[in-house]
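Undergrad: Got a structure for you, written out below as structure tokens; questions coming shortly.
Below, the structure is given as structure tokens:
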């Protein structure tokens, strides 16, 4: 990156370190922190939408919806989330390629799953084998985002379902007495009031989501864990910057990064909680009222 | 090969007893059920030992965090913050690298050389991490419960002339457990789920002796069919979860036996406290 870094073997001390920390691979490592943030930025709203759908379905009067909603919520209770992280991307990938193969392949007589192989014709590959590497990476990341959203959507559905149940029944009855339909009651009374009950659970979910991001590594994404292992591993003399096994220090950096994220989130969420509780008929709202009076 | 034979060969494969080679082709349902079930032994081992040991450390940490003396409070607060504030996955990696840096030959202490190679193995190293991790989470639960012990109970204990250890042993601690137990049940469930991370995070599976998810992934990678092994692993974990709920429910009943029937706290799945 810098002019002075062209001959690393001549460097010592601080200048060596400066050059070492600005190699191309290190810049990729810093960039991978961005991947974590992008994942959070996409997953959080998508999971919230999934959760909303799940919670509304679980409250639905139609039994098929109710069954699907309840089943979705119960899903994460008994099964470790890591199983879903391993299962959802590969299942999605195979499912999509299977559907595409039915549509585009000329010869669909051969079974797709046979002899311990998953086989579709070249035209049905997603993305196509000839497409650039970037497409493969984006596709892999998209599958990871879907896996995260499905799992955390189920958690969110659980929180939102509980929050909807917590809205006082009298409020909904009043709305019904005014002649509102079920949809109107949901839109005008239930959903605006539920947030006060949902926010503590959703804040906790956000913390859990942050702590789940290193699992991206298991999905084969080049994330911070990947780079920490890669860069920290022992580099012999054939490398430009030889060093012993430094993985411990790289993982310490990751630990500090996550602790900072947690602390920052705690501060922001505490502020949001305060705002939402203000004027609500809950214990937290009452405490705020007393403090103000 | 009959299914009984498969169970005899692979039933204890995860702890090194039975057939040496894992199945390589012609995977049957029986093999998958047996081997993944065999892997559950590791999940049980990690979960049960970490929970048992973690329970005591968690109580200590909760009391320390509730202490008025900064000497006790600060270290407990930091311990809980570090282990709750960072991902378990990173903790596993970090611990493995730290343990691996210990001198291979052992550490001489008072003339005796203490071996260090065992701590880099999953059965010990990962157990230590899970132990600290669950202690931190449970400590936060117990701390919250400790803060909500009814004032009247403590005053009643004072009125009976109880103080110090007696008061803690007979009033504060049982009430703390009773209040914290529903949340603690959830922590136990999620600890068992977290044990699946061990063999994906630095700690190598010695001679392919891994946990349920390790074998599930083995089958999924070999057959390119995720739709059989992962649901099998999920099935085992649902069973395990139901067992945990049953056992903790019994303890909950005992803790609440003096409370009127209607006002007992039922164990519910409460996502506010999951990790």
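Chains as they are written, first to last, in this note's numbering: chain A, 29 to 321; chain B, 1094 to 1368.
Every residue, glycine too, gets a C-beta built ideally from N, C-alpha and C.
So, are the CB atoms of residue 1106 (chain B) and residue 1128 (chain B) less than 8 Å apart?
TA: In this structure, residue 1128 (chain B) lies closer than 8 Å to residue 1106 (chain B) by Cβ.
Undergrad: Examine the Cβ distances between the stretch 169-189 of chain A and the stretch 67-74 of chain A and report whether three or more of them are shorter than 8 Å.
TA: The stretch 169-189 of chain A, when compared against the stretch 67-74 of chain A, does touch it at the 8 Å Cβ threshold.
Undergrad: Taking 8 Å as the CB-CB limit, is residue 1179 (chain B) close to chain A?
TA: Yes - at least one Cβ of chain A is within 8 Å of the one on residue 1179 (chain B).
Undergrad: For a contact meaning CB atoms closer than 9 Å, what does residue 1175 (chain B) contact in chain A?
TA: The answer, in chain order, is 283, 287.
Undergrad: So with CB distances below 7 Å, who are the chain A contacts of residue 1226 (chain B)?
TA: Those do not exist, as residue 1226 (chain B) stays about 11 Å from chain A at its closest Cβ, beyond 7 Å.
Undergrad: Checking contacts by CB at 8 Å: is residue 243 (chain A) closer than that to chain B?
TA: Closer than 8 Å to some Cβ of chain B, the Cβ of residue 243 (chain A) qualifies, so yes.
Undergrad: What's the call for residue 59 (chain A), buried or exposed, on a 16-neighbour Cβ count within 10 Å?
TA: Classification of residue 59 (chain A): exposed, given that the 10 Å Cβ count is below 16.
Undergrad: Kindly indicate which residue of B:1316, B:1336, B:1340 has the alpha-carbon position closest to the one of residue 1119 (chain B).
TA: Among B:1316, B:1336, B:1340, the Cα nearest to that of residue 1119 (chain B) is on B:1316.
Undergrad: In the DSSP output, which residue or residues are listed as bridge partners for residue 147 (chain A)?
TA: According to DSSP, residue 147 (chain A) bridges with nothing at all.
Undergrad: Determine, using beta-carbon pairs with one atom in the stretch 204-217 of chain A and one in the stretch 31-44 of chain A, whether at least three such pairs fall under 8 Å.
TA: No, the stretch 204-217 of chain A is not in contact with the stretch 31-44 of chain A.
Undergrad: Tell me which residues share the same chain as residue 1297 (chain B) and place their Cβ nearer than 6 Å to its Cβ, disregarding the 5 neighbours each side in the sequence.
TA: Closer than 6 Å at Cβ, skipping near neighbours: no residue.
Undergrad: Indicate whether at least one CB of chain A lies closer than 8 Å to the CB of residue 1365 (chain B).
TA: The predicted model places residue 1365 (chain B) with a pLDDT of 42, which falls under 50 and marks its position as unreliable; any figure quoted below should be read in that light. So, interface residue.
Undergrad: Taking Cβ-Cβ distances below 8 Å as the criterion, which residues of the stretch 94-122 of chain A are in contact with chain E?
TA: The structure shown has no chain E; the protein chains it does contain are A and B.
Undergrad: Apart from the five residues on each side of it in sequence, which residues of its chain come closer than 8 Å, Cβ to Cβ, to residue 1247 (chain B)?
TA: Cβ within range, chain order: 1260, 1264, 1265.
Undergrad: My output table needs one value for residue 1205 (chain B): the three-state DSSP class, helix, strand or coil.
TA: Correct three-state label for residue 1205 (chain B): strand.
Undergrad: Runs of 4 residues minimum, wholly inside the stretch 1300-1339 of chain B: which ones carry the alpha helix (DSSP H) assignment?
TA: Within the stretch 1300-1339 of chain B, the complete alpha helix (DSSP H) runs of at least 4 residues are 1305-1316.
Undergrad: Return the Cβ separation of residue 1250 (chain B) and residue 1269 (chain B) in integer angstroms, given the expectation that the two are a contact with Cβ distance under 8 Å.
TA: Contact doesn't hold; Cβ gap of about 13 Å is too wide.
Undergrad: Answer with yes or no whether the minimum CB distance from residue 1107 (chain B) to chain A is below 8 Å.
TA: For residue 1107 (chain B), the answer is no, since every Cβ of chain A falls outside 8 Å of its Cβ.
Undergrad: Mapping DSSP to helix, strand and coil, what is residue 1351 (chain B)?
TA: Three-state DSSP puts residue 1351 (chain B) in coil, outside helix and strand.
Undergrad: Could you pull out every residue in the same chain whose Cβ sits closer than 7 Å to the Cβ of residue 1301 (chain B), ignoring the five residues on either side in sequence?
TA: Cβ within range, chain order: 1115.
Undergrad: With residue 231 (chain A) and residue 297 (chain A) assumed to form a contact (beta carbons below 8 Å), what rounded beta-carbon distance in angstroms separates them?
TA: So it is a contact: roughly 4 Å between Cβ atoms.
Undergrad: Need the endpoints of the alpha helix (DSSP H) that residue 1109 (chain B) sits in, please.
TA: Premise fails: residue 1109 (chain B) is in no alpha helix (DSSP H) and is neither H nor E.
Undergrad: For a contact meaning CB atoms closer than 8 Å, what does residue 145 (chain A) contact in chain B?
TA: Result: 1317.
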